[in-house]
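Step one of this worksheet: look at the structure below.
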Amino acid sequence: MVASCFLSRGLTALAGLLLFSFGSLAASQIEDQAEQFFRSGHTNNWAVLVCTSRFWFNYRHVANTLSVYRSVKRLGIPDSHIVLMLADDMACNPRNPKPATVFSHKNMELNVYGDDVEVDYRSYEVTVENFLRVLTGRIPPSTPRSKRLLSDDRSNILIYMTGHGGNGFLKFQDSEEITNIELADAFEQMWQKRRYNELLFIIDTCQGASMYERFYSPNIMALASSQVGEDSLSHQPDPAIGVHLMDRYTFYVLEFLEEINPASQTNMNDLFQVCPRSLCVSTPGHRTDLFQRDPKNVLITDFFGSVRKVEITTETISLQPDLEIMENRYEKDWMNEELMEPLKYAEQLPVAQIIHQKPKLKDWHPPGGFILGLWALIIMVFFKTYGIKHMKFIF
Amino acid sequence: MGLLSDPVRRRALARLVLRLNAPLCVLSYAAGVAWFLALAFPPLTQRTYMSENAMGSTMVEEQFAGGDRARGLARDFAAHRRKSGALPVAWLERTMRSVGLEVYTQSFSRRLPFPDETHERYMVSGTNVYGILRAPRAASTESLVLTVPCGPDSTNSQAVGLLLALAAHFRGQIYWAKDIIFLVTEQDLLGTEAWLEAYHDVNVTGMQSSPLQGRAGAIQAAVALELSSDVVTSLDVAVEGLNGQLPNLDLLNLFQTFCQKGGLLCTLQGKQASGRPHGPHGLFLRYRVEALTIRGINSFRQYKYDLVAVGKALEGVFRKLNHLLERLHQSFFFYLLPALSRFVSIGLYMPAAGFLLLVLGLKALELWMQLHEAGVGPEEPRGATGPSPPVLPAQSVGLASLVAPLLISQAMGLALYILPVLSQHVATQHFPVAEAEAVVLTLLAIYAAGLALPHSTQRVVSAQAPDRGWMALKLVALIYLALQLACITLTNFSLGFLLAATMVPAAALTTPSGPRPVYAALLVLTSPAATLLGSLFLWRELQEAPLSLAEGWQLFLAALAQGVLEHHTYGALLFPLLALGLYPCWLLFWNVLFWK
Numbered sequence: 001m002v003a004s005c006f007l008s009r010g011l012t013a014l015a016g017l018l019l020f021s022f023g024s025l026a027a028s029q030i031e032d033q034a035e036q037f038f039r040s041g042h043t044n045n046w047a048v049l050v051c052t053s054r055f056w057f058n059y060r061h062v063a064n065t066l067s068v069y070r071s072v073k074r075l076g077i078p079d080s081h082i083v084l085m086l087a088d089d090m091a092c093n094p095r096n097p098k099p100a101t102v103f104s105h106k107n108m109e110l111n112v113y114g115d116d117v118e119v120d121y122r123s124y125e126v127t128v129e130n131f132l133r134v135l136t137g138r139i140p141p142s143t144p145r146s147k148r149l150l151s152d153d154r155s156n157i158l159i160y161m162t163g164h165g166g167n168g169f170l171k172f173q174d175s176e177e178i179t180n181i182e183l184a185d186a187f188e189q190m191w192q193k194r195r196y197n198e199l200l201f202i203i204d205t206c207q208g209a210s211m212y213e214r215f216y217s218p219n220i221m222a223l224a225s226s227q228v229g230e231d232s233l234s235h236q237p238d239p240a241i242g243v244h245l246m247d248r249y250t251f252y253v254l255e256f257l258e259e260i261n262p263a264s265q266t267n268m269n270d271l272f273q274v275c276p277r278s279l280c281v282s283t284p285g286h287r288t289d290l291f292q293r294d295p296k297n298v299l300i301t302d303f304f305g306s307v308r309k310v311e312i313t314t315e316t317i318s319l320q321p322d323l324e325i326m327e328n329r330y331e332k333d334w335m336n337e338e339l340m341e342p343l344k345y346a347e348q349l350p351v352a353q354i355i356h357q358k359p360k361l362k363d364w365h366p367p368g369g370f371i372l373g374l375w376a377l378i379i380m381v382f383f384k385t386y387g388i389k390h391m392k393f394i395f
Numbered sequence: 001m002g003l004l005s006d007p008v009r010r011r012a013l014a015r016l017v018l019r020l021n022a023p024l025c026v027l028s029y030a031a032g033v034a035w036f037l038a039l040a041f042p043p044l045t046q047r048t049y050m051s052e053n054a055m056g057s058t059m060v061e062e063q064f065a066g067g068d069r070a071r072g073l074a075r076d077f078a079a080h081r082r083k084s085g086a087l088p089v090a091w092l093e094r095t096m097r098s099v100g101l102e103v104y105t106q107s108f109s110r111r112l113p114f115p116d117e118t119h120e121r122y123m124v125s126g127t128n129v130y131g132i133l134r135a136p137r138a139a140s141t142e143s144l145v146l147t148v149p150c151g152p153d154s155t156n157s158q159a160v161g162l163l164l165a166l167a168a169h170f171r172g173q174i175y176w177a178k179d180i181i182f183l184v185t186e187q188d189l190l191g192t193e194a195w196l197e198a199y200h201d202v203n204v205t206g207m208q209s210s211p212l213q214g215r216a217g218a219i220q221a222a223v224a225l226e227l228s229s230d231v232v233t234s235l236d237v238a239v240e241g242l243n244g245q246l247p248n249l250d251l252l253n254l255f256q257t258f259c260q261k262g263g264l265l266c267t268l269q270g271k272q273a274s275g276r277p278h279g280p281h282g283l284f285l286r287y288r289v290e291a292l293t294i295r296g297i298n299s300f301r302q303y304k305y306d307l308v309a310v311g312k313a314l315e316g317v318f319r320k321l322n323h324l325l326e327r328l329h330q331s332f333f334f335y336l337l338p339a340l341s342r343f344v345s346i347g348l349y350m351p352a353a354g355f356l357l358l359v360l361g362l363k364a365l366e367l368w369m370q371l372h373e374a375g376v377g378p379e380e381p382r383g384a385t386g387p388s389p390p391v392l393p394a395q396s397v398g399l400a401s402l403v404a405p406l407l408i409s410q411a412m413g414l415a416l417y418i419l420p421v422l423s424q425h426v427a428t429q430h431f432p433v434a435e436a437e438a439v440v441l442t443l444l445a446i447y448a449a450g451l452a453l454p455h456s457t458q459r460v461v462s463a464q465a466p467d468r469g470w471m472a473l474k475l476v477a478l479i480y481l482a483l484q485l486a487c488i489t490l491t492n493f494s495l496g497f498l499l500a501a502t503m504v505p506a507a508a509l510t511t512p513s514g515p516r517p518v519y520a521a522l523l524v525l526t527s528p529a530a531t532l533l534g535s536l537f538l539w540r541e542l543q544e545a546p547l548s549l550a551e552g553w554q555l556f557l558a559a560l561a562q563g564v565l566e567h568h569t570y571g572a573l574l575f576p577l578l579a580l581g582l583y584p585c586w587l588l589f590w591n592v593l594f595w596k
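So the sequences go chain by chain: Y and C.
Heads up: the first sequence at position 55 corresponds to 55 in full-length UniProt numbering, and the numbers run straight through without jumps.
Heads up: the second sequence at position 81 corresponds to 81 in full-length UniProt numbering, and the numbers run straight through without jumps.
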């Protein structure tokens with residue numbers, strides 16, 4: 001009797017213990033999930049996709065941009081959050097043997113110009129000025145909403161640029177260029193105006209790595225298709241259309257992205273491996289030193305997709321302010337504040353060297369004491385000459 | 001007062017130049033000829049490459065398969081042509097319209113300055129027929145031309161058939177961004193010239209033509225086609241145009257890449273020096289329209305290509321030209337082609353001519369020094385060899401004795417230019433010759449009359465012609481020759497180099513002292529007419545069809561007639577250049593030789 005009593009008590013104790021452990025385990029799992037819910041700091045995604053070259057023989061740049069547009073849209077970013085800039089109209093070019101299509105694979109396998117492509121900046125509107133205005137938000141009030149980058153400090157922005165470039169510049173429309181310094185300054189303006197949480201910058205041009213050399217704002221990760229001194233090569237020559245359809249780097253990025261779905265856990269390290277030298281002939285490069293998080297913790301969908309995180313739970317979760325997380329956050333803010341002071345980075349040109357300005361010529365006035373002394377002298381000389389008796393008429 | 005330059009140093013320099021002059025001249029001439037011969041080898045020649053980015057590196061696939069249709073159309077055309085004797089305009093209009101082009105015609109007529117014996121025509125008239133394929137989705141601001149010249153002796157019916165089949169094929173494509181004009185001309189180049197003048201609204205050669213009803217924008221490039229048989233073994237490309245003008249090298253590179261792609265054998269025909277338009281393309285070049293003429297040759301080779309292969313090559317060329325955004329301007333305009341895939345640019349071939357002209361410069365410098373040494377005066381104890389005349393009278397007599405020979409030589413040149421054509425009727429009245437013969441024989445007569453000049457000139461000028469006078473005359477003649485040859489070489493290198501290579505030694509060597517018969521023979525042999533004769537023989541030798549003397553003479557006369565005729569009909573500059581420029585210069589040297 002006593003044994004059964006002991007046994008039952010032991011059993012209940014064991015059951016209670018098990019339940020408790022399960023419960024705590026479950027609770028801790030949910031709390032883990034809840035923690036992961038707020039792991040990355042962004043709540044919305046934007047994409048700015050720019051093709052900078054015109055003319056029929058630059059068909060591949062438009063196809064590049066439209067491929068990235070297609071992937072980004074498929075993974076969830078809506079058109080209202082995509083700013084698509086195409087410098088020329090390849091689909092309706094008279095030389096296009098298949099009008100209203102832009103193909104990215106030869107033998108016309110994949111048409112990236114479908115029914116639902118929304119081009120925001122088209123043809124001659126793609127200029128350096130417009131691009132910088134989009135990034136920094138200094139847009140005239142009459143600009144329609146679709147042409148604005150309405151991002152906030154919790155936005156992750158993907159910026160993809162393609163065209164013809166060189167060491168330190170990217171050519172726009174065969175008539176002007178944007179330099180890497182201008183771009184870096186634009187990103188700094190965005191940072192100071194809190195227009196992004198994290199930024200992923202991808203560029204597919206010749207000598208693309210030169211474009212991200214000058215970045216100095218935090219939370220920027222950059223990828224380029226080739227190093228300084230290398231050319232990015234084109235791919236997919238199509239004899240039926242008569243031009244190259246894609247560039248190599250973007251072609252392999254597109255293949256990589258086709259395998260991503262909104263639930264993928266693939267991270268940035270995999271993206272860095274895309275298009276090795278054997279396939280791309282040029283050496284793709286990347287830059288992560290300005291980025292806070294470890295690239296292996298950054299999901300592809302953090303930038304390429306707009307993943308609405310939904311977790312269904314029947315448990316109550318007490319969102320207690322975890323002191324550790326709070327401390328981390330305070331540290332982060334403090335680090336952010338630290339970063340607001342100018343960073344020490346290599347070979348950044350001082351402002352005086354960038355901006356050559358003559359000092360403004362202010363009119364020179366003689367110092368006040370001098371004038372007073374001068375008047376005193378004049379009066380003394382007057383009275384000395386003409387006698388002190390005149391003084392009563394003055395004072 | 002002090003002198004600005006050191007007379008002692010100057011005299012030493014002058015003596016050095018005078019001493020080294022002869023070896024320097026010989027060295028320079030040899031260097032020029034050696035450089036020219038070295039142009040055939042690398043590193044002076046380079047492989048050709050496409051410079052225009054818009055035409056790109058991707059090939060386009062050709063889908064032309066209308067060989068049978070082309071042959072059928074060619075047969076129809078030949079039959080209709082035989083029936084009507086001239087170009088079957090109505091049939092062409094009907095066929096072009098059925099293919100889907102906008103068809104227009106243009107009639108033209110011209111009275112030649114004298115009857116053309118080779119083509120047996122005097123009053124030339126004809127009709128050009130052309131069809132325009134409008135670009136389906138582009139504004140008609142630019143166009144390309146495919147032209148087939150039909151003449152009385154070259155029916156070119158296969159080319160017409162291929163043109164019509166290509167037009168039918170092109171009409172079915174939607175990727176044209178430029179209009180394409182399919183042009184069939186009559187009377188060979190005269191028809192092409194009439195069409196071009198009417199298209200660009202100019203009147204350069206006195207052709208009477210009706211204005212064009214249909215137009216298609218600025219012409220970016222043109223291809224002329226001449227085929228005389230159903231199968232070809234090779235395609236011959238002619239690039240040289242009127243007055244030695246050349247199309248942009250990119251057009252040739254483009255054609256050559258398609259030859260390589262299709263495995264066609266393409267050869268190059270070269271004859272720039274005559275300055276004749278070697279095909280319709282030559283006339284297009286004057287309007288800065290890059291053009292080529294492609295001739296199909298059927299010779300005894302094993303592998304033959306049919307019309308489909310030629311059509312595919314043309315289709316590829318046109319499709320690539322369609323990609324152009326601007327006129328062809330990236331590649332060279334002045335070049336030499338040792339072979340179809342190798343070229344020499346102007347910077348590398350000019351030194352050859354430069355060295356030759358340097359000889360003239362050196363000689364002129366020597367004469368100048370000698371003249372001034374003679375005129376230095378009593379300070380110089382060791383003056384010129386012979387009695388040194390006083391300074392002032394020598395110079396004044398020198399000038400007077402220069403003007404007369406110059407004027408008379410130029411007058412002879414003018415007579416050579418104007419008289420033959422002007423006086424042909426007078427000649428035919430008095431002599432039993434045809435007009436063309438009269439022109440040529442008058443030419444030769446005036447040319448030979450120039451040889452008798454020195455005797456008459458001496459009589460006109462005062463008998464007191466000083467010994468030094470010939471130096472001044474030779475100096476002027478040398479500079480005149482150098483200037484002319486330099487200008488000719490710039491635009492037509494082959495002609496310039498040929499003339500320089502022959503005339504420079506004779507010009508440099510000519511002096512009144514020395515073996516006169518030898519110099520006289522040398523000078524006659526290197527006169528422009530003799531150079532022409534010699535080059536004719538040489539050309540035929542190179543073509544492995546050597547001429548006998550009588551044949552050569554006949555050919556020479558025919559070439560002279562052609563030269564005069566082409567000047568009047570197309571504005572070719574060879575005849576006036578030789579008559580008004582080089583012949584008077586040569587006469588000056590002849591005068592120097594016979595200076596008493």
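The beta-carbon is built from N, C-alpha and C at its ideal position, and this holds for glycine as well.
Being a predicted model, the structure only gives us computed values, none of them experimental.
{"Check": "Since I believe Y:R214 is in contact with Y:I181 (beta carbons under 8 Å), could you give me their beta-carbon distance rounded to a whole number of angstroms?", "Outcome": "5 Å"}
{"Check": "Measuring CB to CB, does Y:T162 end up less than 7 Å from Y:F169?", "Outcome": "no"}
{"Check": "Mind checking the region 129 to 142 of chain C against chain Y and listing, in chain order, the residues whose C-beta falls within less than 8 Å of any C-beta there?", "Outcome": "A135, P136, R137, A138"}
{"Check": "Taking the beta carbon of C:E142 as the centre, do at least 16 other beta carbons fall within 10 Å, making it buried, or is it exposed?", "Outcome": "buried"}
{"Check": "Please classify C:A309: is it buried, with 16 or more other beta-carbons within 10 angstroms of its beta-carbon, or exposed?", "Outcome": "buried"}
{"Check": "Assuming Y:T127 contacts Y:E177 (C-beta within less than 8 Å), just tell me the rounded distance between them.", "Outcome": "With 8 Å as the limit, Y:T127 and Y:E177 do not qualify as a contact, their Cβ atoms being about 11 Å apart."}
{"Check": "So, at 7 Å on beta carbons, what are the nonlocal neighbours of C:T155 in its own chain, with the 5 sequence-adjacent residues on each side left out?", "Outcome": "A78, R81"}
{"Check": "Looking only at C-alpha atoms, which of C:Y447, C:L251, C:A561 sits nearest to C:T293?", "Outcome": "C:L251"}
{"Check": "Using only the alpha-carbon positions, how far apart do C:Q330 and C:E52 sit?", "Outcome": "6 Å"}
{"Check": "What is the rounded straight-line gap between the Cα of C:A291 and the Cα of Y:P99?", "Outcome": "31 Å"}
{"Check": "Tell me the DSSP secondary structure of C:A238 in three-state form.", "Outcome": "strand"}
{"Check": "Straight-line CA distance for C:S345 to C:L212?", "Outcome": "38 Å"}
{"Check": "Along the chain, where does the beta strand (DSSP E) containing Y:S123 start, and where does it finish?", "Outcome": "That residue, Y:S123, is in no beta strand (DSSP E); it is neither H nor E in DSSP."}
{"Check": "Which of helix, strand or coil does DSSP assign to Y:N267?", "Outcome": "strand"}
{"Check": "Please classify Y:Q236: is it buried, with 16 or more other beta-carbons within 10 angstroms of its beta-carbon, or exposed?", "Outcome": "buried"}
{"Check": "Does any C-beta atom of chain Y lie closer than 7 Å to the C-beta of C:V60?", "Outcome": "yes"}
{"Check": "Considering only the beta carbon of each residue, do C:S209 and C:F108 sit closer than 7 Å?", "Outcome": "yes"}
{"Check": "Using a threshold of 7 Å, state whether the C-beta atoms of C:Y519 and C:L593 are closer than that.", "Outcome": "yes"}
{"Check": "Please compile the residues from chain Y whose C-beta is within a distance smaller than 8 Å of the C-beta of C:L325.", "Outcome": "F55, W56"}
{"Check": "Please tell me whether C:A313 has its Cβ less than 7 Å away from any Cβ of chain Y.", "Outcome": "no"}
{"Check": "Under the assumption that C:F343 contacts C:L249 (Cβ atoms under 8 Å), give the Cβ distance between them as a whole number of angstroms.", "Outcome": "6 Å"}
{"Check": "Assuming Y:R148 and Y:I139 make a contact with CB atoms under 8 Å, what is their CB distance in whole Å?", "Outcome": "6 Å"}
{"Check": "My guess is that Y:D88 and Y:V62 are in contact by the Cβ rule of under 8 Å, so how many angstroms apart are they, rounded?", "Outcome": "7 Å"}
{"Check": "Quick check: what's the CA-CA separation for C:E240 versus C:L560?", "Outcome": "20 Å"}
{"Check": "Taking Cβ to Cβ, would you say C:F575 is nearer than 7 Å to C:H567?", "Outcome": "yes"}
{"Check": "Please go through the same chain and pick out, in chain order, the residues whose beta-carbon is closer than 8 Å to the beta-carbon of Y:L374, but skip the five residues on each side of it.", "Outcome": "none"}
{"Check": "From C:D153, C:V524, C:F182, C:L16, pick the residue whose C-alpha is nearest to that of C:L162; which is it?", "Outcome": "C:F182"}
{"Check": "Rounded C-beta distance between Y:V102 and Y:R70? I'm assuming under 8 Å.", "Outcome": "Not confirmed; about 10 Å, so no contact."}
{"Check": "Alpha carbon to alpha carbon, how far is Y:C92 from Y:W56?", "Outcome": "11 Å"}
{"Check": "Use the C-beta contact count for C:R276: other C-beta atoms within 10 angstroms, 16 or more gives buried, fewer gives exposed.", "Outcome": "buried"}
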